[in-house]
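Here's the structure, in structure tokens; my notes come after.
Numbering (this note's numbering), first residue to last: 1 to 347.
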């Protein structure tokens, strides 16, 4: 009888222990442990982050950080962190959260367009991935990379085709740059390369001309016509005489660093620069801005016509009037200059 009581006591203690252990397991591993009201939240784990850094991001999101710590230690997450962007869904348990932030790096969409120069592009990208702007810019301008990929410091901007792309947040500066080179080569498919060759232009030259077309007009509908004007000028040996290249040349000078040129004047045509297409024949040595895809395709699919001139349309701002003769062009230009003067725009 005495032995029976002992066995019962042991059984009851065992059940209590199992209950306590089960309660611990449930709370530590299976019970919901999120405190936010949204459906999901994200944490960003930097490369070489410490557990303390990750914990600081998690603490506001969790109901019980201590139970999370206990399981994280048990599952050795505290010493085996993974960099990236991770999702935590409402109602997740500690075990679900650890599994998610250990192995489920979520890619994100990054986008860019119309950056004037590589430094601004680097700054834009650095707000979207882990790499900082200085390391991105250094990677973009690395002389060995440029030489190997057949770019120069003046044409390198053309490697970055405006679009949205999927990246992991913890992509390195070199990883971003190398991926963009692959995207550039993918963009320049056999069809586009054949059209550029038929024009007698290299890819760099197409990108340079596209940058001028883009700066002349953001209207995709008339970009092929503008491209056609420049192609016509190139073929007869006429200087491009593109006002956006004068602005670009001016902005390289100290006196124009903080200026905005709204009206191209005769003095701008006297600037000594390889980008002055009034003084120099042919295309400038590189891009003056990042062109949209529409402007790139406008060049290789240019409109065939006999126009040699165009001027901004004072009656339809954002668009242009095209002409075949200099006299008609001068009349169109005077009309637009009169409009600028009426608006008090003198420089």
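C-beta atoms are modelled at their ideal positions from N, C-alpha and C, and glycine is treated no differently.
Since this is a predicted model, take the numbers as computed values, not measurements.
- Specify whether the region 232-252 and the region 272-284 touch according to this definition: at least 3 beta carbon pairs, one from each stretch, less than 8 Å apart. yes
- Beta-carbon contacts of residue 345 that lie in its chain and below 6 Å, excluding the five residues immediately before and after: 262, 263
- Message: Give me the DSSP bridge partner(s) of residue 163.
- Response: 112
- Item | Boundaries (first-last residue) of the alpha helix (DSSP H) holding residue 327 | 326-342
- Message: At 4 residues or longer, what runs of the alpha helix (DSSP H) sit wholly inside the region 226-295?
- Response: 243-251
- Message: Which residue marks the beginning of the beta strand (DSSP E) containing residue 85, and which one marks its end?
- Response: 84-89
- Among 314, 108, 92, which has the Cα closest to the Cα of residue 167? 108
- Hey, quick one: how far does the alpha helix (DSSP H) through residue 305 stretch, first residue to last? Unbroken run through residue 305: none, as it is neither H nor E.
- Start and end of the alpha helix (DSSP H) containing residue 151? No alpha helix (DSSP H) holds residue 151; DSSP gives it neither H nor E.
- First and last residue of the alpha helix (DSSP H) that includes residue 129? Here residue 129 belongs to no alpha helix (DSSP H), and DSSP marks it neither H nor E.
- Within the chosen definition, does the region 250-269 reach the region 221-232 through at least 3 CB pairs nearer than 8 Å? no
- Query: Looking at the structure shown, is residue 34 part of a helix, part of a strand, or coil, going by DSSP?
  - Reply: strand
- Applying the criterion that 16 or more other CB atoms from any shown protein chain within 10 Å of the CB defines a buried residue, is residue 93 buried or exposed? buried
- Message: Does residue 307 pass the burial test, meaning 16 or more other C-beta atoms within 10 Å, or should it be called exposed?
- Response: buried
- Message: Does the contact criterion of 3 or more C-beta pairs under 8 Å hold for the region 148-162 versus the region 286-296?
- Response: yes
- Taking all protein chains shown into account, do 16 or more other C-beta atoms lie within 10 angstroms of the C-beta of residue 33, making it buried, or fewer, making it exposed? buried
- Message: Taking its Cβ as the centre, do 16 or more other Cβ atoms sit within 10 Å of residue 197, making it buried, or is it exposed?
- Response: exposed
- Message: If I measure Cβ to Cβ from residue 105 and keep anything under 6 Å in the same chain, skipping five residues before and after, which residues do I get?
- Response: 84, 168
- When the Cα of residue 179 is compared with those of 82, 110, 283, which residue comes out closest? 110
- Item | Extent of the continuous alpha helix (DSSP H) to which residue 182 belongs | 173-187
- Given that a residue counts as buried once 16 or more other Cβ atoms are within 10 Å of its Cβ, and exposed if not, what is residue 282? exposed
- Task: Identify which residue in 207, 61, 265, 58 has its Cα closest to the Cα of residue 284.
- Result: 207
- Mind checking which residues open and close the beta strand (DSSP E) that includes residue 77? It is not in any beta strand (DSSP E) - residue 77 carries neither H nor E in the DSSP assignment.
- residue 68 and residue 98: beta carbons closer than 9 Å? yes
- Query: Does the distance from the C-beta atom of residue 61 to that of residue 78 stay below 9 Å?
  - Reply: no
- Task: Determine the DSSP secondary structure at residue 201, reduced to helix, strand or coil.
- Result: coil
- Determine the DSSP secondary structure at residue 193, reduced to helix, strand or coil. helix
- Query: Can at least three beta-carbon pairs, one atom from the region 141-160 and one from the region 179-195, be found at a separation below 8 Å?
  - Reply: yes
- Task: Label residue 321 either buried or exposed according to how many other C-beta atoms from any shown protein chain fall within 10 Å of its C-beta, with 16 as the threshold for buried.
- Result: buried
- Taking only the alpha-carbon atoms, compute the straight-line gap between residue 103 and residue 212 and give it to the nearest angstrom. 46 Å
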